[in-house]
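Structure, as structure tokens:
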Amino acid sequence: MILKLSQAEVEDAMRTMLASENDGHREKTLSLMELLEKTDKKPADKWYWSLAIRNPLETVQRSVNLLNKLLPIYQPYFEQARTEREAFARDFDIEKLYRESKQLAMTSLDTLGVENAQFFVLSPWNYWFAYYGNEQFDYMKV
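Position 19 (the sequence shown) corresponds to 19 in the UniProt record's numbering; numbering is contiguous.
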């Protein structure tokens, strides 16, 4: 599916990833290279990013090829993690979390002025994509 993305879609995803390291500002007027320069990445990381930015679709293709080669190696770990996620989902109790969390206990939905709130548990692997596609991201700090 990722291989079907257009160059513009890949560049938009890159912009989101760079924005997550740039105080959450996507700054649509800046080029990807300019956004890259504004990050605190190490020079070696900037060099790798610059290669990806120059050839976004080729980078995606090469990344997918690499993942396809690594998948058989990591599949047992993914299966173990799936089992752990399923156990977490089965045992998760939001009310208990709310009672035991000092930060959550200090804030009630009434204080926030809302009746219902959505609650998401995200894997650290996809935190960059928590705001992807959300127009409010342009004004948010990550």
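Backbone N, C-alpha and C define an ideal beta-carbon position, used for all residues, glycine too.
Fair warning: this is a prediction, and the values are worked out from it, not measured in the lab.
Continuous alpha helix (DSSP H) stretch holding residue 117: start and end: Residue 117 -> no alpha helix (DSSP H), and no H or E assigned at all.
Please work out which residues of its chain come closer than 7 Å, Cβ to Cβ, to residue 34, disregarding the five sequence neighbours upstream and downstream, and give them in chain order. none
Taking Cβ to Cβ, would you say residue 60 is nearer than 7 Å to residue 114? no
Identify the continuous alpha helix (DSSP H) that holds residue 78 and give its terminal residues. 56-91
Can you tell which of 84, 54, 83, 65 has its C-alpha closest to the C-alpha of residue 8? 54
Just how far apart, CA to CA, sit residue 97 and residue 82? 22 Å
Give me the Cα-Cα distance between residue 90 and residue 28, rounded to the nearest whole angstrom. 41 Å
Whole-angstrom distance between residue 18 and residue 38, CA atom to CA atom: 9 Å
Determine the extent of the alpha helix (DSSP H) in which residue 16 is found, giving its start and end residues. 7-19
Would you mind working out which of 21, 57, 20, 46 sits nearest residue 5, comparing C-alpha positions? 57
Straight-line gap, residue 12 to residue 3 (C-alpha atoms, nearest Å): 15 Å
Cutoff 7 Å; reference residue 71; Cβ partners in own chain excluding five residues on either side: none
Cα-Cα separation, residue 79 to residue 69: 17 Å
Can you say whether residue 49 is buried or exposed, counting buried as having 16 or more other CB atoms within 10 angstroms of its CB? buried
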